[in-house]
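Colleague: For the record, the sequence lines run as chains A and B.
Mapped onto this note's numbering, the consecutive letters of the first sequence carry residue numbers 79 to 203.
Mapped onto this note's numbering, the consecutive letters of the second sequence carry residue numbers 79 to 203.
Let me give you the structure first, and then I'll get to my questions.
There are 2 protein chains.
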Amino acid sequence: MKIIKNESLPGKAECAGSLKNVLDALYVLNGKWKLALILSLVQSSKRFNEIQHEIAGISSKVLAKELKDLELNDFIERKVYPTTPVTIIYEATGYSRTLKSVLGELSAWGEQHREKIKQSMRKQS
Amino acid sequence: MKIIKNESLPGKAECAGSLKNVLDALYVLNGKWKLALILSLVQSSKRFNEIQHEIAGISSKVLAKELKDLELNDFIERKVYPTTPVTIIYEATGYSRTLKSVLGELSAWGEQHREKIKQSMRKQS
DNA sequence: GTTAGTAGTTACCCAAAGGTAAGCCCTTAC
DNA sequence: GTAAGGGCTTACCTTTGGGTAACTACTAAC
């Protein structure tokens, strides 16, 4: 049995495919905040001010914009409870949860990356 | 049986931790192109024009900038071979390869995301 | 009546990201 | 000598992202 690699592409198709996939993923998940917001809301539903408090550094303007964006893309839901005064809760949808393994890997990587940075800082000093 | 939630934080520490990790990861991996570039070079080392051809849509200016950035952050190496004319090859470092599982997950997610988008397009039309 | 909290919106502005287009230096090919 | 490729750089411009601060509407508490 021979698998003949004709001129065309030793697995190049898959490579190009995963490249396209990554580009497509980044297209909806772009920006500084989206993945962090999704993670925060996957962990637990929250109100506007709670989110703003948890994600240090985000302004109310940007937060409002990002939340709208995420709602449009079906990552989160905005629920309004007719208490007095009204309570507004943002919660992650099931679709957000499909990102769990991505977020898991990213978090793990971020952690060891921080370690690496710390070490190279030490060397320099 | 009662599980008493004491005031203090049911796993909140880990949550905040992973949030910080993700934020840290996004700090170095920001922008439209970095992860795609790393993926492309992890798959195989390439020359400037090859990369530009593979990643459709990136301009030479942006590509040059991103490559410099990635080199500074130790994700890739720029190798110059004294052929005539000189050949310049960009290759992924071992550190880039620590991103493999992140990229794997992201690619998988991107693929099924594209499927989902296609379906919702069909519904609308 | 003043303060504080919730959930934002609005206006203004700056800086960075990114696109377009042209050019440059070097070399081989026609 | 002129075109073509490789690997960029430069200048210019637009878009966007994001920060600040003020303001709104409603309510409850002091």
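By construction, the Cβ of each residue, glycine as well, lies at the ideal position given by its N, Cα and C atoms.
All of these numbers come straight from a predicted model, not from anything done at the bench.
Does any CB atom of chain B fall closer than 8 Å to the CB of Gln-202(A)?
Modeller: It does not; no Cβ of chain B falls within 8 Å.
Colleague: Measure from the C-beta of His-191(A) to each C-beta in chain B and report whether the shortest distance is under 8 Å.
Modeller: Judged by the 8 Å Cβ criterion, His-191(A) is in contact with chain B.
Colleague: Within 10 Å of its beta-carbon, does Ser-174(B) have 16 or more other beta-carbons around it, so buried, or fewer, so exposed?
Modeller: It counts as buried.
Colleague: Let me make sure I understand the geometry here. Which of Ala-103(B), Gly-172(B) and Trp-111(B) has the alpha-carbon closest to that of Ser-137(B)?
Modeller: Closest option to Ser-137(B), Cα to Cα, is Trp-111(B).
Colleague: Measure the alpha-carbon distance for Thr-171(A) versus Ile-195(B) and round it to whole angstroms.
Modeller: Answer to the nearest angstrom: the Cα atoms are 16 Å apart.
Colleague: What did DSSP end up calling Val-180(A) once you bin it into helix, strand or coil?
Modeller: In this structure, Val-180(A) counts as helix in the three-state DSSP scheme.
Colleague: Could you spell out where the beta strand (DSSP E) holding Lys-110(A) opens and where it closes?
Modeller: Per DSSP, Lys-110(A) belongs to no beta strand (DSSP E) and is neither H nor E.
Colleague: According to the Cβ coordinates, are Leu-117(B) and Val-100(A) closer than 8 Å?
Modeller: Contact: yes.
Colleague: Note down, in chain order, every chain B residue with its Cβ under 9 Å from the Cβ of Lys-110(A).
Modeller: Near Lys-110(A) (Cβ distances below 9 Å), the residues of chain B are Leu-101, Leu-104, Tyr-105 and Asn-108.
Colleague: Determine which residues share a DSSP beta bridge with Ile-20(A) and list them.
Modeller: Lying before the first or after the last residue shown, residue 20(A) is absent from chain A, which here runs from 79 to 203.
Colleague: Against Leu-113(A), what residues of chain B qualify as contacts under a CB-to-CB distance less than 8 Å, listed in chain order?
Modeller: Simply Val-100 and Leu-104.
Colleague: Give me whichever residues DSSP pairs with Asp-124(A) in a beta bridge.
Modeller: Strictly speaking, residue 124(A) in this sequence is Lys, with Asp absent from that position. DSSP, once it has assigned bridges, lists Tyr-168(A) as partnering Lys-124(A).
Colleague: Taking the alpha helix (DSSP H) that Ala-142(B) falls in, what are its first and last residues?
Modeller: Where Ala-142(B) is concerned, the enclosing alpha helix (DSSP H) stretches over 138-150.
Colleague: Excluding the five sequence neighbours on either side, which residues of its own chain have a C-beta within less than 7 Å of the C-beta of Gln-202(B), listed in chain order?
Modeller: Taken in chain order, the list of residues that qualify is empty.
Colleague: Flag Leu-181(A) as yes if its beta-carbon sits less than 8 Å from any beta-carbon of chain B, otherwise no.
Modeller: With 8 Å as the cut-off, Leu-181(A) counts as an interface residue toward chain B.
Colleague: How about Tyr-168(A) and Leu-145(A): are their beta carbons less than 8 Å apart?
Modeller: Yes, the Cβ-Cβ distance between Tyr-168(A) and Leu-145(A) is below 8 Å.
Colleague: Quick check on Gln-197(B) - is its C-beta less than 8 Å from some C-beta in chain A?
Modeller: Cβ-Cβ to chain A under 8 Å: no for Gln-197(B).
Colleague: Beta-carbon of Leu-177(B) versus every beta-carbon of chain A: anything under 8 Å?
Modeller: Answer yes: the Cβ-Cβ gap between Leu-177(B) and chain A drops below 8 Å somewhere.
Colleague: Determine the contact status of Ala-186(A) and Trp-187(B), defining contact as a CB-CB distance below 8 Å.
Modeller: Not in contact: Ala-186(A) and Trp-187(B) (Cβ atoms no closer than 8 Å).
Colleague: Quick one, are the C-beta atoms of Cys-93(B) and Gln-130(A) less than 8 Å apart?
Modeller: Cβ atoms of Cys-93(B) and Gln-130(A): not closer than 8 Å.
Colleague: Which residues in chain B sit within 7 Å of Ser-96(A), going by Cβ to Cβ distance?
Modeller: Per Cβ cutoff of 7 Å: Leu-117 and Ser-185.
Colleague: Give a yes or no on whether the C-beta atoms belonging to Glu-60(A) and Leu-177(B) are separated by under 8 Å.
Modeller: For chain A, the structure presents residues 79 to 203; residue 60(A) sits outside this window and is missing.
Colleague: With a threshold of 16 other CB atoms inside 10 Å of the CB of Val-180(A), please say whether the residue is buried or exposed.
Modeller: Val-180(A) is buried by the Cβ-count criterion.
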